[in-house]
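Accompanying notes for the structure given below.
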């Protein structure tokens, strides 16, 4: 097994044969030890079940953790473990036509497109799995871990971790229902017209309502109640402690109080990331207050939605006449399914992971009080077995060792991890040997993978960063560099968010923004979807924005050119604050 060179003095060894690629879309830093098992078990299980249902030849991504960083390896149905690439073209041709299981998957793939199976799955999501996930999350949420005795807390930790795994499984089970129709549309339209993925995806604006905020329906009800209530508006306008503002709203008579409580019940325990180290909405009261205020002011997405119709007409005219009816159908399917992309996260693992965090932090509070760890947050850097051992006073890692783990997780970044282990990933198989149904599915999946992660290769300078443009237009404002949830409280209305990447749970702060800039992600990343929904300029996949743009600097985001230019340095006060 090949060893890779050390990075910052830490050795990275491949967890098995074949190529392993570092995960860049979700985990910008090392994952916590508590979250390793739920993610590495739940994700591939859900992925594999979804790929089988959709007749795909790629079964799943096999995850592994190396020095805390998540790596993955594609597992192709019927291929040997650790395969470095597709077999020779003649052999692949034979396998696709003679291998019984491959033939069965290809037949299923044809049925998927003929019957639009994703519509059946969306119906099941709406009627069965989303209500069931909500019920399960609320059942775990109803158990307050604070008053539990030690053994009851241990039982709750076990349940919370198992629940996390179930919710991660559910998220990934719906992967292909959520993205295959979008990839199918994208692959065909870019081939017919020569349009960029960004041009094609612009027509999906307005189809992902959850991109405008967590618990969108409840937030709209609360905003409507506040507009009709002088007492509610007075409570919201208070400038004291944000938690006091939320408490005052929850206690307001009439419709405001119940609407506030319903909203908070749904956002309180959702994470703003993907790990139990990431804070939940309830830990960010200032952010919630700002989101409520923005909702009361109204929706900024309507102007962008009006412009979408003109873009659709222009792009449709570029489609050859013989394909226009099919263009209409593909676009209709992509729009119909687009909302599932965010919903499957916000109703499953975003919530389940937040509930896992609550249990872990309660255990951490007790362990810190007993002097067994230095900070309650460090409990996340323990496996479940280690947590149980410390809670039962049966020995486990020392506080010094646990602090070292926490320090590595807090300071290490993707720059500290090799992009691949053993060897770089091989090229995708040649599509011209695939039967028609398998070729269509593979083209759709490849379009999605490219649009999720393919970043700009344009050169950056000390004053300008370049990336993939989301929406035309120019916006000037204050850059707010957000590395983690602790930075959310500094976001002001109209700021330019500069961050490594966003997740669905970032949605709670997004109504405040004038523009979005990210280091990571492609045209289908979460930040790109949000920028389209709001019609605000967005530049994604710059690679270096957080390292180049100072917090508090005045910047211009040019959506037409795909550039972010530093116009003026951060004011002295802001620079001092950023250094603290």
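In the numbering used here, the protein residues as written are 1171 to 1750. Glycine included, every Cβ here is placed at the ideal spot set by N, Cα and C. In this text the structure is predicted, and so the values were computed from the model without any measurement.
- In this structure, the straight-line span from the alpha carbon of residue 1634 to that of residue 1378 is close to 31 Å.
- Burial check for residue 1423: the Cβ neighbour count within 10 Å stays below 16, so the residue is exposed.
- Contact check between the segment 1715-1731 and the segment 1649-1657: three or more CB pairs, one atom from each, fall below 8 Å, which counts as touching.
- Collapsing the DSSP output to three states places residue 1240 in a strand.
- Per DSSP, the continuous beta strand (DSSP E) segment holding residue 1636 begins and ends at 1634-1636.
- The three-state secondary structure of residue 1273, taken from DSSP, is helix.
- Linking residue 1710 to residue 1344 through their CA atoms gives a straight-line distance of about 25 Å.
- Segment contact: the segment 1339-1358 against the segment 1539-1549, fewer than three CB-CB distances shorter than 8 Å; contact not assigned.
- DSSP, reduced to helix, strand and coil, places residue 1612 within a helical segment of the structure shown.
- In this structure, the straight-line span from the alpha carbon of residue 1734 to that of residue 1489 is close to 32 Å.
- Here DSSP, grouped into helix, strand and coil, assigns residue 1233 to strand.
- By the C-beta density criterion, residue 1238 is buried, having at least 16 other C-beta atoms within 10 angstroms.
- If you ignore the 5 residues before and after residue 1736, its C-beta comes within less than 7 Å of the C-beta of 1633, 1719, 1723, 1725, all in its own chain and listed in chain order.
- Inclusion of residue 1216 and residue 1339 in the CB contact set at 7 Å is warranted, their separation being smaller than that value.
- 1406 is the residue among 1281, 1272, 1406, 1574 whose C-alpha sits nearest the C-alpha of residue 1461.
- Here the segment 1690-1697 makes no contact with the segment 1603-1612; the two share fewer than three CB pairs at distances below 8 Å.
- In this structure residue 1730 touches residue 1642 by the C-beta definition: roughly 5 Å separates them, less than 8 Å.
- According to the DSSP secondary-structure assignment, residue 1228 is paired through a beta bridge with 1246.
- DSSP, reduced to helix, strand and coil, places residue 1621 within a helical segment of the structure shown.
- Ranked by Cα distance from residue 1502, the options 1341, 1375, 1183 are led by 1375.
- Distance from the CA of residue 1574 to the CA of residue 1199, rounded to the nearest whole angstrom, comes to 15 Å.
- Here DSSP, grouped into helix, strand and coil, assigns residue 1649 to strand.
- Per DSSP, reduced to three states, the secondary structure at residue 1489 is coil, with no helix or strand assignment.
- Inclusion of residue 1241 and residue 1190 in the CB contact set at 7 Å is warranted, their separation being smaller than that value.
- Contact between the segment 1433-1446 and the segment 1202-1211 is present: 3 or more CB-CB pairs across the two stretches fall below 8 Å.
- Judged by DSSP secondary structure, residue 1667 falls within the beta strand (DSSP E) whose first and last residues are 1666-1669.
- Of the residues 1507, 1556, 1604, 1300, the one whose Cα lies closest to the Cα of residue 1517 is 1300.
- In the three-state scheme derived from DSSP, where H, G and I count as helix and E and B as strand, residue 1708 is classed as strand.
- Of all C-beta pairs linking the segment 1515-1534 to the segment 1429-1442, three or more are shorter than 8 Å, placing the two stretches in contact.
- Straight-line spacing of the CA atoms in residue 1392 and residue 1451 works out to 17 Å.
- Residue 1687 has its alpha-carbon roughly 10 Å from the corresponding atom of residue 1640.
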